[in-house]
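Visitor: Next up is a structure, given as structure tokens.
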Amino acid sequence: MTSFKAFWVEKSEDTINHSIIERSIDDLPEGEVLIKVRYSSLNYKDALSAKGMPGVTRNYPHTPGIDAAGTVVESSNGDFKEGDEVVVIGFDLGMNTPGGYGEYIRVPGSWITPLPSGMGLRDSMIIGTAGLTAALCFDKLLRMGAKPDDGPVVVTGATGGVGSVAVALLASQGFEVVASTGKADKHDYLKSLGASSVVDRDQLGAENPRPVAAEDYAHGVDTVGGETLSNVIKGLKHSGSVAICGLVSSPAFNITVLPFILRHVNVLGVDSVELPIAEKSRVWGRLASDWQVPGLEDMVVEIGLGGLSAEIDRIFAGGVTGRTLVVL
Ligand SMILES: NC(=O)c1ccc[n+]([C@@H]2O[C@H](COP(=O)([O-])OP(=O)(O)OC[C@H]3O[C@@H](n4cnc5c(N)ncnc54)[C@H](OP(=O)(O)O)[C@@H]3O)[C@@H](O)[C@H]2O)c1
1 MTSFKAFWVE KSEDTINHSI IERSIDDLPE GEVLIKVRYS SLNYKDALSA KGMPGVTRNY
61 PHTPGIDAAG TVVESSNGDF KEGDEVVVIG FDLGMNTPGG YGEYIRVPGS WITPLPSGMG
121 LRDSMIIGTA GLTAALCFDK LLRMGAKPDD GPVVVTGATG GVGSVAVALL ASQGFEVVAS
181 TGKADKHDYL KSLGASSVVD RDQLGAENPR PVAAEDYAHG VDTVGGETLS NVIKGLKHSG
241 SVAICGLVSS PAFNITVLPF ILRHVNVLGV DSVELPIAEK SRVWGRLASD WQVPGLEDMV
301 VEIGLGGLSA EIDRIFAGGV TGRTLVVL
């Protein structure tokens, strides 16, 4: 009976307790593929799960971790064999299925992407859910015909995980990027990732009663929601698009039909969780080839399971910059 270390979240009526415990492989749910996890990462949703917030994890105690990259140990699925290097992102991993903050996971084959050639396990988890989501946003903008010549693309929550990868990816593909941030001391960081200019989070998030505003942006990637998203939509040029994936400020946004019927703009939804595996694998393939994200090592902080609690607190304090890699 193999035992392994896992980050463990216990929830009682009004307390949350974090610890690292020994678990047995027999404790894992039934599933086709047993994976030894080498790396995971910390995403906003992991923090919600680890804090017992509603909407992510129903049953505690629990091991979060919506991302995992590692090596197949056992498989009853013909697509995977012992020794294969693989990535698991989303579906139920880390929500109600024990996640990547344990040294082993067991999952259905339909959740797994073979590690694309040209990418290492470590880079796959620096990218993780946040980076894949940034790439899905970029993919949707391209599908709507976005081109570098269109003009600036605004990225909100720019120093966060999704935001950092979105800035670096868009800039590396020739787009002019305007980064919106609340961190006055991170302008140089954003410029090092490729942002051409920076706009203050409070300015872009200020309430504006006008139905449309100056056409400042050709396109956008929004991780924030709320007034920020409303202002991005109001500020899109004719035929512009914004890909939306997050809600760190608010899930609601207040907008009239006017930007849509006067400026022909598009709001594009992005979901990295239930997106079919073939689509995820296609975008992973691009991230390993013509969409390689420059500067990944400049945006990463590396921790072990013991560092998770403190980093989770930093997420809710809005203090995280870039990506947090969890080394198992
Ligand atoms: N749809 C999907 O499949 C999907 C996948 C991944 C993530 N998401 C969502 O995308 C969002 C970002 O995720 P993430 O992993 O990038 O999170 P993150 O690393 O914690 O980054 C969020 C960033 O948002 C900004 N921010 C924080 N609090 C804010 C507030 N109250 N108002 C405005 N901006 C604020 C901060 O950037 P600045 O300081 O630079 O402003 C922060 O670094 C989350 O809502 C997450 O749930 C969705």
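Numbered continuously in this note's numbering, the sequence shown closes out at residue 328. Just so you know, even glycine gets a beta-carbon here, dropped at the ideal spot from N, CA and C.
Count the other CB atoms, across all protein chains shown, that sit within 10 Å of the CB of Lys-147; report buried if there are 16 or more and exposed otherwise.
Guide: Residue mapping note: residue 147 aligns to position 147 of the sequence shown, counting from 1. Per the 10 Å Cβ criterion, exposed.
Visitor: Quick check on the burial criterion: 16 or more other C-beta atoms within 10 angstroms. Buried or exposed for Ala-278?
Guide: For the purposes of this step, residue 278 is taken as the residue at position 278 of the sequence shown. By the 10 Å Cβ count, Ala-278 comes out exposed.
Visitor: Check whether the Cβ of Ser-281 sits closer than 7 Å to any heavy atom of ligand 1, and report yes or no.
Guide: By 1-based counting over the sequence shown, the position of residue 281 is 281. Outside the cutoff, so no.
Visitor: Based on DSSP bridge pairs, tell me the residues matched to Lys-5.
Guide: The residue you call residue 5 lines up with position 5 of the sequence shown. In the DSSP output, where bridge partners are listed per residue, Lys-5 has Glu-22.
Visitor: At which residues does the alpha helix (DSSP H) containing Glu-85 begin and terminate?
Guide: By 1-based counting over the sequence shown, the position of residue 85 is 85. It is not in any alpha helix (DSSP H) - Glu-85 instead sits in the beta strand (DSSP E) that spans 85-89.
Visitor: What number of angstroms, rounded off, separates the C-alpha of Gly-70 from the C-alpha of Lys-5?
Guide: Within the sequence shown, residue 70 is the residue found at index 70, counting from 1. Within the sequence shown, residue 5 is the residue found at index 5, counting from 1. Using only the alpha carbons, I get a separation of about 15 Å.
Visitor: Provide the residue span of the beta strand (DSSP E) that contains Pro-114, from first to last.
Guide: To locate residue 114, count along the sequence shown from 1; it is residue 114. The continuous beta strand (DSSP E) containing Pro-114 extends over residues 112-114.
Visitor: Cβ of Val-248 versus every heavy atom of ligand 1: is any distance shorter than 7 Å?
Guide: Mapped onto the sequence shown, residue 248 falls at position 248. The answer is yes for Val-248.
Visitor: To the nearest whole angstrom, what separates the beta carbons of Ile-244 and Asp-222, a pair I think is in contact under 8 Å?
Guide: Walking along the sequence shown from the start, residue 244 turns up at place 244. Walking along the sequence shown from the start, residue 222 turns up at place 222. Indeed, because the Cβ distance is near 5 Å, the residues count as touching under 8 Å.
Visitor: Looking at C-alpha atoms only, which residue of Phe-260, Asp-27 and Glu-227 is the closest neighbour of Ser-249?
Guide: Stepping through the sequence shown from its first residue, residue 249 is reached at position 249. Comparing Cα-Cα distances from Ser-249 to each of Phe-260, Asp-27 and Glu-227, the minimum goes to Glu-227.
Visitor: Assign His-264 to one of three DSSP states: helix, strand, or coil.
Guide: The sequence position of residue 264 within the sequence shown is 264, counting from 1. If DSSP states are grouped into helix, strand and coil, His-264 belongs with coil.
Visitor: Report yes if the C-beta distance between Arg-323 and Ile-126 is below 8 Å; otherwise report no.
Guide: Against the sequence shown, residue 323 aligns to sequence position 323. Against the sequence shown, residue 126 aligns to sequence position 126. Cβ atoms of Arg-323 and Ile-126: closer than 8 Å.
Visitor: Since Glu-176 and Ser-196 are thought to touch, with beta carbons under 8 Å apart, how far apart are those beta carbons, to the nearest angstrom?
Guide: Within the sequence shown, residue 176 is the residue found at index 176, counting from 1. Within the sequence shown, residue 196 is the residue found at index 196, counting from 1. At roughly 5 Å, the Cβ-Cβ gap stays under 8 Å, so Glu-176 and Ser-196 are in contact.
Visitor: Provide the residue span of the alpha helix (DSSP H) that contains Glu-74, from first to last.
Guide: Here residue 74 refers to the residue found at position 74 when the sequence shown is read from its first residue. First-last for Glu-74: 67-75, but that is the beta strand (DSSP E), not the alpha helix (DSSP H).
Visitor: Just to check, is the beta-carbon of Lys-45 closer than 7 Å to a non-hydrogen atom of ligand 1?
Guide: For this step, residue 45 is matched to residue 45 along the sequence shown. Yes - ligand 1 has a heavy atom lying nearer than 7 Å to the Cβ of Lys-45.
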